[in-house]
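These notes are about the structure you will find just below.
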Amino acid sequence: MGNLITMPKACISCQAYKHIGKADDKHCPHTDWRGQPQTKTRYGQCQVHKTQVFITELCNQYQQEPFIEVVDADNRPEAKQPRQERLLF
288 MGNLITMPKA
298 CISCQAYKHI
308 GKADDKHCPH
318 TDWRGQPQTK
328 TRYGQCQVHK
338 TQVFITELCN
348 QYQQEPFIEV
358 VDADNRPEAK
368 QPRQERLLF
């Protein structure tokens, strides 16, 4: 695989994700340099579902960005905004 960037299989590595900023998140998986839990997670706009999503979400329309290697990640217990998953591809 060589020089590929490794990222979680989630919105952050999806072609449909467009970054906006950070938002309060009661399920924030991140810690600071001291190991203290953080309260904000990066989020953006999903161009497929037209909703805001945290970078740690995953849906059934995921399209991997080119030139990255993905690793499986646990999906969040709840989405930033409700969305209707597409049943047909």
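Residue numbers for the sequence shown follow this note's numbering, beginning at 288 and rising by one.
Even glycine gets a Cβ: it sits at the ideal position worked out from N, Cα and C.
Predicted model only: the values in this text are computed from it and were never measured.
- Between Leu345 and Ala297, the C-beta gap is smaller than 8 angstroms, which places the two residues in contact.
- Distances from the alpha-carbon of Tyr330 to those of Ala366, Asn347, Val358, Val357 put Ala366 closest.
- Counting of Cβ neighbours within 10 angstroms places Arg321 among the exposed residues, the total staying below 16.
- Between Val340 and Gln332, the alpha-carbon positions lie close to 6 angstroms from each other.
- At a Cβ-Cβ threshold of 8 angstroms, Lys327 and Lys305 do not count as neighbours.
- The beta carbon of Cys315 sits closer than 8 angstroms to the beta carbons of Pro324, Gln325, Thr326, Lys327, Thr328 from its chain, once the five residues preceding and following it are set aside; these are given in chain order.
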